[in-house]
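In this note's numbering, the protein residues as written are 5 to 667.
Here a beta-carbon is modelled for each residue, glycine too, at the ideal position from N, C-alpha and C.
From a predicted model like this one, the values you see are computed outputs, not experimental measurements.
Printed below as a string of structure tokens:
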């Protein structure tokens with residue numbers, strides 16, 4: 005009945021009573037929208053629900069795309085032509101449009117949604133559905149790199165950012181030697197094939213002795229939960245004794261003491277790099293770090309600070325003397341001093357880094373804010389990279405809708421400290437095949453925490469190769485020819501990254517495309533399948549690897565909790581400016597690293613005194629400590645900085661227990 009009513013049938017054809025019923029229930033348009041919504045839920049198809057959300061921003065989207073311009077990074081211009089067609093009919097009012105464009109790039113579901121018939125039964129396109137479809141595909145193509153914006157940075161044509169192959173060839177041998185990979189496509193394929201085959205054989209032979217692993221009839225693997233390693237019996241008493249000895253300090257004094265050891269405020273200053281024309285500049289900079297790093301803001305900091313500090317002066321220092329690059333440089337100085345201490349070696353290796361994101365609340369009216377489907381709140385994502393020794397290396401603030409794995413490798417190239425990690429742990433976002441492939445060629449061992457690892461495909465090293473025990477694991481085979489054919493394309497990208505011409509995130513947006521015409525996507529994806537299958541085989545056969553991944557990935561969760569304590573000025577980020585939001589995250593990292601350095605200094609002093617008193621310390625006991633201790637720190641009260649008060653000297657005292665182990 006609704007279908008007939010939409011065709012404007014006469015009352016004689018439809019029936020006066022039916023028309024009255026429709027009008028009484030809200031009319032044809034309202035009932036039609038309700039039917040589409042119910043049908044979408046019944047068939048697990050969200051596409052009919054998109055128009056109301058799109059309509060609210062329709063005019064702004066058209067204006068933005070008209071202003072920035074779009075161009076295709078591939079030989080396929082069908083999407084650009086479709087965009088021009090939609091733009092031409094933007095003011096149309098009819099329900100359907102002629103089917104005069106090539107829509108071969110659409111999936112079957114999109115095609116069924118867009119294609120319809122007109123009033124005469126001729127093939128046509130649903131105008132609203134087509135508009136939603138094209139805007140959705142444009143957004144995906146920009147993220148993937150199949151479309152680009154001339155003159156932009158993040159959405160530029162990635163091909164123009166690569167080194168010419170002639171320059172890459174000059175760098176190739178030295179780079180391959182540094183990351184320990186062969187210098188030709190055939191040699192790389194031969195090495196990977198041999199390694200994957202040997203590991204698969206080893207896992208198959210060891211299956212009977214692997215009591216933790218079992219396989220269902222359909223090949224689904226299962227691993228028994230590992231029991232946690234029991235802590236030393238005297239750990240709790242030891243921790244309480246250490247906490248009791250930690251000297252009580254105010255957070256402002258911690259900032260001042262660390263600045264005395266590692267002067268980090270010289271990185272701050274006016275854009276001209278001239279000396280700051282501020283009276284008592286160091287004191288003002290420390291208050292700025294405290295106020296913005298603890299999320300108090302300029303107003304609340306000034307209310308509790310001495311009268312010489314005003315809200316306006318703190319705002320001016322933050323706006324004119326501090327930027328994200330300067331905060332990163334200051335944090336790197338703290339990291340370099342932190343790694344000089346022996347104690348952090350008990351907590352992990354500085355060759356290991358862990359990446360994870362956490363949601364931070366934002367006010368509604370800003371550019372980056374979105375509602376995160378996983379966290380269930382409105383805001384953005386602070387994506388942190390911390391060392392296995394707990395210290396924070398790099399952070400980036402991104403929108404909730406962004407694929408977090410895009411930024412998983414950027415931090416290893418952008419962080420400025422002396423730490424050079426080559427092992428990366430990540431959350432489930434890090435299990436992407438292209439990320440595995442790119443990380444391998446960059447020289448990074450990627451060990452993600454894979455929540456749904458049993459659903460991931462295991463790839464057989466050779467077609468027709470069978471195994472006695474684990475054959476059901478493998479459902480597909482590796483296409484070695486594809487990797488060998490596009491080896492030069494992949495190495496050109498990697499060498500361009502190494503030369504600083506392009507960031508991994510720019511490439512991974514390109515590799516996020518599932519277009520079969522995207523050769524880079526297919527090549528990196530196939531290489532990633534090899535590397536990920538190798539990792540999965542190790543994961544199911546090595547209990548120590550599973551235990552290590554679980555232990556390392558929990559550290560970043562502890563760091564997020566530590567940041568919540570540091571940001572006691574209030575939840576969320578106060579500014580709606582994306583630049584200020586990024587600075588806020590880096591301010592908090594800087595304060596966190598300063599506290600950790602001071603805690604490690606105090607802990608080292610305390611542990612050395614305990615050894616002198618006759619305490620028997622072991623590495624197991626020291627591993628139970630953490631630089632995230634904060635029970636001894638005060639955050640509230642009147643904020644006073646006495647710059648004349650002498651700070652304690654920085655002393656790197658040696659611990660016998662660590663010296664004995666190193667010998």
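What's the C-alpha gap between residue i and residue j?
{"i": "residue 438", "j": "residue 411", "result": "13 angstroms"}
{"i": "residue 466", "j": "residue 477", "result": "14 angstroms"}
{"i": "residue 249", "j": "residue 633", "result": "12 angstroms"}
{"i": "residue 132", "j": "residue 413", "result": "39 angstroms"}
{"i": "residue 659", "j": "residue 436", "result": "43 angstroms"}
{"i": "residue 261", "j": "residue 638", "result": "15 angstroms"}
{"i": "residue 97", "j": "residue 55", "result": "15 angstroms"}
{"i": "residue 386", "j": "residue 612", "result": "37 angstroms"}
{"i": "residue 384", "j": "residue 473", "result": "46 angstroms"}
{"i": "residue 246", "j": "residue 341", "result": "23 angstroms"}
{"i": "residue 572", "j": "residue 297", "result": "10 angstroms"}
{"i": "residue 176", "j": "residue 447", "result": "14 angstroms"}
{"i": "residue 527", "j": "residue 651", "result": "57 angstroms"}
{"i": "residue 290", "j": "residue 657", "result": "27 angstroms"}
{"i": "residue 266", "j": "residue 647", "result": "15 angstroms"}
{"i": "residue 256", "j": "residue 452", "result": "37 angstroms"}
{"i": "residue 118", "j": "residue 125", "result": "15 angstroms"}
{"i": "residue 81", "j": "residue 181", "result": "40 angstroms"}
{"i": "residue 570", "j": "residue 425", "result": "26 angstroms"}
{"i": "residue 111", "j": "residue 483", "result": "25 angstroms"}
{"i": "residue 258", "j": "residue 142", "result": "50 angstroms"}
{"i": "residue 575", "j": "residue 361", "result": "16 angstroms"}
{"i": "residue 661", "j": "residue 347", "result": "10 angstroms"}
{"i": "residue 350", "j": "residue 538", "result": "29 angstroms"}
{"i": "residue 481", "j": "residue 532", "result": "13 angstroms"}
{"i": "residue 649", "j": "residue 313", "result": "19 angstroms"}
{"i": "residue 609", "j": "residue 336", "result": "23 angstroms"}
{"i": "residue 455", "j": "residue 432", "result": "6 angstroms"}
{"i": "residue 368", "j": "residue 578", "result": "11 angstroms"}
{"i": "residue 603", "j": "residue 355", "result": "22 angstroms"}
{"i": "residue 406", "j": "residue 364", "result": "14 angstroms"}
{"i": "residue 73", "j": "residue 154", "result": "7 angstroms"}
{"i": "residue 461", "j": "residue 235", "result": "36 angstroms"}
{"i": "residue 554", "j": "residue 584", "result": "34 angstroms"}
Going by the beta-carbon positions, is the gap between residue i and residue j smaller than 8 angstroms?
{"i": "residue 440", "j": "residue 326", "result": "no"}
{"i": "residue 614", "j": "residue 607", "result": "no"}
{"i": "residue 545", "j": "residue 329", "result": "no"}
{"i": "residue 487", "j": "residue 530", "result": "yes"}
{"i": "residue 401", "j": "residue 389", "result": "no"}
{"i": "residue 560", "j": "residue 358", "result": "yes"}
{"i": "residue 556", "j": "residue 306", "result": "no"}
{"i": "residue 644", "j": "residue 310", "result": "yes"}
{"i": "residue 172", "j": "residue 499", "result": "yes"}
{"i": "residue 139", "j": "residue 58", "result": "yes"}
{"i": "residue 146", "j": "residue 90", "result": "no"}
{"i": "residue 496", "j": "residue 169", "result": "yes"}
{"i": "residue 230", "j": "residue 547", "result": "yes"}
Could you pull the DSSP bridge partners for residue i from this structure?
{"i": "residue 400", "result": "387"}
{"i": "residue 165", "result": "Answer is none; residue 165 lacks a bridge partner."}
{"i": "residue 536", "result": "DSSP, once it has assigned bridges, lists no residue as partnering residue 536."}
{"i": "residue 480", "result": "463"}
Closer than 7 angstroms by C-beta to residue i: which residues in its own chain qualify, once you throw out the five before and the five after it? Chain order, please.
{"i": "residue 653", "result": "none"}
{"i": "residue 458", "result": "224, 225, 226"}
{"i": "residue 208", "result": "471, 472, 473, 474"}
{"i": "residue 94", "result": "66"}
{"i": "residue 591", "result": "293, 296, 297, 331"}
{"i": "residue 274", "result": "280, 324, 325"}
{"i": "residue 541", "result": "203, 204, 207"}
Which residues in the same chain as residue i place their Cβ atom closer than 8 angstroms to its Cβ, once the five residues preceding and following it in sequence are excluded?
{"i": "residue 334", "result": "268, 269, 271, 272, 594"}
{"i": "residue 321", "result": "272, 282, 288, 289, 292"}
{"i": "residue 165", "result": "500, 505, 506, 510"}
{"i": "residue 25", "result": "none"}
Ordered along the chain, which non-local residues of its own chain (more than five positions away) have a Cβ less than 6 angstroms from that of residue i?
{"i": "residue 422", "result": "340"}
{"i": "residue 161", "result": "77, 152"}
{"i": "residue 129", "result": "101, 103, 118"}
{"i": "residue 352", "result": "392, 393"}
Beta strand (DSSP E) runs contained entirely in the segment 180-263, provided each spans 3 or more residues:
217-219, 225-227
Q. Curious, which full-length alpha helix (DSSP H) runs of at least 4 residues does the segment 307-395 contain?
A. 315-324, 328-342
- Message: If we require 3 or more residues per run, which beta strand (DSSP E) segments fall completely within the segment 56-86?
- Response: none
### Message
Going residue by residue through the segment 407-472, where are the continuous alpha helix (DSSP H) segments of at least 4 residues, counting only ones entirely within it?
### Response
414-418, 437-446
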